[in-house]
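Worksheet: the structure to be examined is printed underneath.
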Amino acid sequence: MQSSLWFLPELFTSPILPSYRCDVLEKVPTRFHHKESPGLFNVFQGHDPTVCVNVLNFFYQHGRGHEPSATLEWGEQVLKNRAYISGTYYYIGADQFLFFLSRLLQNSVEVHERLGPMFKERVMERFGTEGDSLSLAFRMIAATVVDSLVDERDFKSILSMQCEDGSWVVAGYGDMNYLQPSFEMTV
């Protein structure tokens, strides 16, 4: 039986047409800036650090990272003050924020130089803390961005959570729960 989400792999691997990409980059600042906090991206009820980091990443990937500078400064303060530690508005844990920030660091030498040392400290602070399989995976991937760090405790912990068929149990992601694929279900 084919999943109703059969189109997702193509959606994520297909290149975005340049004309559409330009349209999105032009509309994001005007449609999604927060009225009380100029320069920050507004998402539904307010602004979320993880969402803002993703929007920043999109701008940096397309050569326009200098435009949302207020958002980068705010993201830096979130990292500095550990404001993500109990999760963010839309994401339940600290590791999600660090993972998405690691993607931004990979896509921008400027951001990596600016935030890399502090980011490394914050990732190392998370080593050995509790988390579900998805959080541990996010943390382990984020750690590879700075000096290819590996924490044995996290590695052993995620291995202990793995089921015999290679899957993991349900893990929380934002305000929804997603199942990691196993051989017993079709995704």
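Numbering of the sequence shown is given in this note's numbering, commencing with residue 17 and proceeding in unit increments.
The beta carbon of each residue, even a glycine, is placed where N, CA and C say it ideally should be.
Fully contained in the region 62-140 is no beta strand (DSSP E) run of length 3 or more.
Assignment of residue 170 by DSSP, reduced to helix, strand and coil, places it in the helix class. Sequence-distant Cβ neighbours of residue 94 in its own chain, meaning closer than 7 Å and more than five residues away, are 65 and 100.
In this chain, the alpha helix (DSSP H) harbouring residue 152 covers 149-159. By the neighbour-count criterion, in which 16 or more other beta carbons inside 10 Å mark a residue as buried, residue 156 falls on the buried side. If you draw a 10 Å sphere on the C-beta of residue 151, you find 16 or more other C-beta atoms in it, and that means buried. For residue 176, the three-state secondary structure derived from DSSP is helix.
From the listed residues 141, 107 and 167, the smallest Cα separation to residue 68 is found for 107. Between residue 144 and residue 111, the beta carbon gap of about 12 Å keeps them out of contact (Cβ cut-off 8 Å). Taking C-beta separations shorter than 6 Å and ignoring five residues to either side along the sequence, the partners of residue 165 in its chain run 159, following chain order. Counting only residues of its own chain and dropping the five nearest sequence neighbours on each side, residue 142 has a CB closer than 8 Å to the CB of 110, 111, 114 and 155. The beta carbon of residue 77 sits closer than 6 Å to the beta carbons of 123 from its chain, once the five residues preceding and following it are set aside; these are given in chain order.
By the neighbour-count criterion, in which a residue is buried when 16 or more other Cβ atoms sit within 10 angstroms of its Cβ, residue 63 is buried.
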